[in-house]
Every structure is written in structure tokens, then in C-alpha cells.
Amino acid sequence: SESVICPLCNSGRLIQTASSVIFCPNGQETKPCDFRLDVSVDGLTLSHLKSQLCRAFEEHRMTGCSGLLEFKVVEQFGVK
2 SESVICPLCN SGRLIQTASS VIFCPNGQET KPCDFRLDVS VDGLTLSHLK SQLCRAFEEH
62 RMTGCSGLLE FKVVEQFGVK
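Heads up, the sequence shown is in the numbering used here, so the first residue is 2 and it goes up one at a time.
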């Protein structure tokens, strides 16, 4: 089983449901995590997401930027 740390809250471990939704279970905290990704149409897996996140962190590191790479949920066209 893949273990992927949530890119939004940096503490929860992402879970993929049988219905192909990847989400962060950190919803009990004072500031619940908004990470939810429906991958049923795309057929993506937690393993693929982990690979893409690793690539993003590596590309960021290669730029020489000393800042932390941060992710956020952005609302577009009324969809979050």
C-alpha cells in the first residue's frame, strides 16, 4: 500500500477509496484539510499521485529556490 503525505496539510496520509476518490482524512482538526481528488474518470492511482508529487518537489528543488513548496486548493468556475 502506498503511503503519501497530504500536500495541503503536510500531516495526513492520503487514502484512495474503492470509488476512486483520493482524500485526506484530517477533518477532525480545527482547520480541516480540503484535499479531495476524484480520479474515477482519469483512472489515476495513489501511486501515480505520489510520483507526480515527487516530481514537483524535485523540480522545485532543482530551481535553487530555498523556500518551501506549498500547495493549495483554488476555486475556479464555482468549483473547489
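Note that beta-carbon positions come from the ideal geometry of N, C-alpha and C, so glycine has one too.
Quick caveat: nothing in here was measured; it's all calculated off a predicted structure.
Closer than 8 Å by C-beta to residue i: which residues in its own chain qualify, once you throw out the five before and the five after it? Chain order, please.
i, result
"I6", "S12, G13, R14, L15"
Assuming residue i and residue j make a contact with CB atoms under 8 Å, what is their CB distance in whole Å?
i, j, result
"E3", "S41", "About 18 Å; that fails the 8 Å criterion."
"C10", "C34", "4 Å"
Pull up the DSSP beta-bridge partners for residue i, would you.
i, result
"Q17", "I23"
Go to residue i, then tell me how far its beta strand (DSSP E) extends in each direction, as first and last residue.
i, result
"L38", "37 to 39"
What are the boundary residues of the alpha helix (DSSP H) that residue i is part of?
i, result
"S67", "Unbroken run through S67: none, as it is neither H nor E."
Excluding sequence positions up to five away, which residues of its chain have a Cβ less than 6 Å from the Cβ of residue i?
i, result
"V22", "D39"
Go through its chain and collect everything with a Cβ distance to residue i's Cβ below 7 Å, but skip five positions before and after it.
i, result
"F72", "P8, L9"
"K51", "E3, V5"
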